[in-house]
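Asks: There's a structure below that I have some questions on.
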Amino acid sequence: MSRSLHDDPPRESSPASATVTGDINPRPGVEPAVDAVDAVNCATGGGRPVAAHRTAAHRTIGTMGRSRLAAVARVALRYRVFLLIIAADAVIWAVRPSAGTAVFERTLSNFAEMAAVLPPIFLLIGLLDVWVPRETLMRFLGDRSGLLGVAISIVLGAAAAGPLYAAFPVAAIMMRKGAKFSNVIVFLGSWSTLKIPMALFEASALGARFAITRWIASVLGVAAMAVIIDRAVTKDEKRAIYTRHEV
Amino acid sequence: MLAIVGLVLTFLSPTTVAGLIGAGTRFVGMIITSLIGAVTLIPGFVAFPLAKSLLERGAGIAQIAVFVSTLMMVGFVTAPLEIRYFGRKVTLLRNGLAYLYSFIVAFIIGVVVK
Chain A
1 MSRSLHDDPP RESSPASATV TGDINPRPGV EPAVDAVDAV NCATGGGRPV
51 AAHRTAAHRT IGTMGRSRLA AVARVALRYR VFLLIIAADA VIWAVRPSAG
101 TAVFERTLSN FAEMAAVLPP IFLLIGLLDV WVPRETLMRF LGDRSGLLGV
151 AISIVLGAAA AGPLYAAFPV AAIMMRKGAK FSNVIVFLGS WSTLKIPMAL
201 FEASALGARF AITRWIASVL GVAAMAVIID RAVTKDEKRA IYTRHEV
Chain B
1 MLAIVGLVLT FLSPTTVAGL IGAGTRFVGM IITSLIGAVT LIPGFVAFPL
51 AKSLLERGAG IAQIAVFVST LMMVGFVTAP LEIRYFGRKV TLLRNGLAYL
101 YSFIVAFIIG VVVK
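Going line by line, the protein sequences match chains A and B. Count the first sequence with my numbering and you get residues 1 to 247, in order. Count the second sequence with my numbering and you get residues 1 to 114, in order.
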C-alpha cells in the first residue's frame with residue numbers, strides 16, 4: 001500500500017485486478033526498462049565466450065551488477081513504508097520480545113485474512129465481468145435505475161461478508177460496467193456497515209436492539225452520505241474516476 | 001489478536017474503563033473510541049466480543065456504538081488503497097462523512113438502547 005502515496009493517478013488506467021495485485025506483487029509492467037536491461041545482460045553476459053569478448057563481457061557484468069542494485073533499490077523504495085514498519089516492529093521485538101511477537105502474529109493474521117478474502121472476491125469479479133452484460137447492469141444500477149438501483153446497491157453490499165477493502169475491486173467493476181456513481185457510493189457504504197452476516201454477529205454480542213438500531217440509523221446515513229458525495233463531486237471528477245477503471 | 005484483547009482486558013480494570021470511556025465521559029470518551037475505531041483494522045468477530053466485554057467493564061453504550069460504527073465505516077489504514085480506486089476527494093469525503101455520521105448513530109443508539 002506504500003506505493004499509492006507517491007503514485008501518479010494518470011497511470012492508474014489499468015484494470016481493477018492489476019491495481020490491487022500491484023500492492024502485493026510488483027507489477028510486471030512497471031519497470032520495463034530495468035527488466036529488459038536485466039534480460040539482455042543475462043543473455044549476453046552469460047552466453048558469450050569470455051575470452052573472445054573480454055572487455056565487452058566485463059562491461060556487461062558491470063552494468064548487470066549496477067542494474068540489479070538499482071532494481072533492488074527500486075523495490076525497496078516502493079515498499080519503503082512497509083520496510084520501515086517491519087524495521088520498527090523488529091526494534092519493538094528487540095526491546096520487548098512479548099509485545100514484538102504479538103505484533104508479528106497480528107501482522108501475519110492480517111496477511112492470512114487478506115490472502116483468504118481476495119481470491120474469492122476476484123473470482124466473483126471475474127464471474128460478474130463475464131456473466132453480467134453491461135446492458136443488464138446499467139438497467140439495474142445505471143443512471144436511470146432510480147430508487148430500485150439504490151435498493152439493489154444496498155442489498156449487494158449488505159449481502160457481502162468481508163473487509164471493506166475487498167469491496168473496492170467490486171466497486172471498480174461496477175463502474176466499468178456503467179453503474180451510477182451514487183449507487184457505487186451506496187454500495188461501498190452498505191458493504192462497510194450494513195453487512196447482514198456481521199449484523200447477526202453484532203446482535204449476538206451486543207444485543208438485537210443495539211444491532212437493529214445501528215442498522216436502521218446506518219441505512220439512512222449511507223443514503224445521505226451518497227447524496228452529499230454525489231453532489232460534491234463534479235462531472236469531470238466522476239469521469240476521471242471512471243476512466244481509471246476502464247479496460 | 002484474541003490474545004491482545006485478553007491482555008488489554010486483564011490490565012484494564014473496570015474503574016479505568018469507566019474513567020476513560022464510561023457513559024460519564026460523554027463526548028471526550030466518544031472522541032477516544034471513535035479515533036481507535038477509525039484507525040484500527042479489526043475484524044468484526046474480534047471487535048464485537050471486545051465491545052461486549054468493554055461494555056461489561058463500564059464503557060458507555062454511545063462510546064461503544066461510535067467505536068463499532070467508525071471501525072466498520074472509516075478506513076484509515078486502507079485509505080491509500082481507496083484513494084487509488086476513487087481518488088483523494090471521494091476518499092476524504094466518504095471517510096470524513098462516515099466519521100461524523102458515526103456520532104449521530106451513537107447518539108441515536110444512546111437514546112434507544114438503555
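All C-beta atoms, glycine included, are put in the ideal place defined by N, C-alpha and C.
#1: Less than 8 angstroms between the CB atoms is what I'm expecting for A:Gly178 and A:Gly142, so what's the real figure, rounded?
#2: Got a sec: which bits of the region 71-96 of chain B sit with their beta carbon under 7 angstroms from any beta carbon on chain A, in order along the chain?
#3: Establish whether the CB of A:Gly207 and some CB of chain B are separated by less than 9 angstroms.
#4: My guess is that A:Arg240 and A:Lys195 are in contact by the Cβ rule of under 8 angstroms, so how many angstroms apart are they, rounded?
#5: How would you label B:Arg26, buried or exposed, when you count the other beta carbons within 10 angstroms and need 16 or more for buried?
#6: When you check each C-beta in the region 32-48 of chain B against every C-beta of chain A, which residues fall closer than 8 angstroms?
#7: Tell me whether A:Glu237 sits in a helix, a strand or coil according to DSSP, three-state version.
#8: Taking Cβ-Cβ distances shorter than 9 angstroms, what residues in chain B pair up with A:Ala87?
#9: Can you tell me the Cα-Cα spacing of A:Asp236 and B:Glu82, whole angstroms?
#10: Does B:Val113 come within less than 9 angstroms of chain A when only Cβ atoms are used?
#11: Classify A:Ile121 as helix, strand or coil using the three-state DSSP reduction.
#12: Using a C-beta to C-beta distance shorter than 8 angstroms, which residues of chain A count as neighbours of B:Val68?
#13: Taking the alpha-carbon positions, what's the A:Val233 to A:Ala217 distance?
#14: Could you tell me whether any Cβ in chain B is nearer than 9 angstroms to the Cβ of A:Val233?
#15: Helix, strand or coil for B:Gly24? Go by DSSP, reduced to three states.
#16: So with CB distances below 8 angstroms, who are the chain A contacts of B:Ala65?
#17: I want to see whether chain B comes within less than 9 angstroms of A:Asp35, judged by CB atoms only; does it?
#18: Taking 9 angstroms as the threshold (C-beta atoms), are B:Met30 and B:Phe103 in contact?
#19: Confirm, please, whether the CB-CB distance from A:Met175 to A:His245 is below 9 angstroms.
#20: So, does the region 162-171 of chain A touch the region 209-216 of chain A, judging by three or more C-beta pairs under 8 angstroms?
#21: Buried or exposed: A:Leu206, going by 16 or more other Cβ atoms within 10 Å of its Cβ?
#22: Which of the three DSSP states is assigned to B:Asn95 in this structure?
#23: Let me make sure I understand the geometry here. Which of B:Leu55, B:Ala38, B:Phe45, B:Ala47 has the alpha-carbon closest to that of B:Ile21?
#24: Considering only residues of the same chain and omitting the five flanking positions on each side of B:Tyr15, which have a CB-CB separation below 8 angstroms?
#25: On the DSSP letters alone, give me the boundaries of the alpha helix (DSSP H) that B:Ser13 sits inside.
#26: How is B:Phe103 classed by DSSP in three states: helix, strand or coil?
#27: Can you pull out the residues from the region 99-122 of chain A whose beta carbon lies closer than 9 angstroms to at least one beta carbon of chain B?
Replies: By the coordinates alone:
#1: Contact between A:Gly178 and A:Gly142 holds: their C-beta atoms lie close to 5 angstroms from each other, under 8 angstroms.
#2: Listed by position, the residues of the region 71-96 of chain B near chain A (Cβ gap below 7 angstroms) are Met72, Met73, Gly75, Thr78, Pro80, Leu81, Glu82, Ile83, Arg84, Tyr85, Phe86, Gly87, Lys89, Val90, Leu93, Arg94.
#3: Yes, contact with chain B.
#4: It should be noted that the sequence gives Ala, not Arg, for residue 240 of chain A. Incorrect: roughly 29 angstroms between the Cβ atoms, too far for contact.
#5: Classification for B:Arg26: exposed.
#6: The region 32-48 of chain B vs chain A, Cβ under 8 angstroms: Leu41, Pro43, Gly44, Phe45, Phe48.
#7: Helix at A:Glu237.
#8: Taking a Cβ-Cβ threshold of 9 angstroms, none of the residues of chain B is close to A:Ala87; the smallest such distance is about 18 angstroms.
#9: Going by the C-alpha atoms only, they are around 19 angstroms apart.
#10: By this cut-off, B:Val113 is an interface position.
#11: Three-state DSSP puts A:Ile121 in a helix.
#12: Per Cβ cutoff of 8 angstroms: Glu202, Leu206, Arg214.
#13: A straight-line Cα-Cα distance of about 24 angstroms links A:Val233 and A:Ala217.
#14: Yes, A:Val233 counts as interfacial toward chain B.
#15: In the structure shown, B:Gly24 sits in a helix (DSSP, three-state: H, G or I).
#16: In chain order: Phe210, Arg214.
#17: Because the pLDDT of A:Asp35 is 38, which lies under 50, any placement of that residue in the model is unreliable, and the number read from its coordinates should be weighed accordingly. Not closer than 9 angstroms to any Cβ of chain B, the Cβ of A:Asp35 fails to qualify, so no.
#18: Cβ distance < 9 angstroms, so B:Phe103 and B:Met30 count as in contact.
#19: With respect to the 9 angstroms criterion, A:His245 and A:Met175 are classified as neighbours on the basis of their beta carbons.
#20: Too few Cβ pairs lie closer than 8 angstroms, so no.
#21: Label assigned to A:Leu206: buried.
#22: Helix at B:Asn95.
#23: Considering only alpha carbons, the answer is B:Leu55.
#24: It is Thr, not Tyr, that sits at residue 15 of chain B in the sequence shown. Taking C-beta separations shorter than 8 angstroms and ignoring five residues to either side along the sequence, the partners of B:Thr15 in its chain run Gly58, following chain order.
#25: Counting along the chain, B:Ser13 falls outside any alpha helix (DSSP H), and DSSP gives it neither H nor E.
#26: B:Phe103: helix per DSSP, three-state reduction.
#27: Of all residues in the region 99-122 of chain A, Ala102, Glu105, Arg106, Ser109, Asn110, Glu113 have a Cβ within less than 9 angstroms of some Cβ in chain B.
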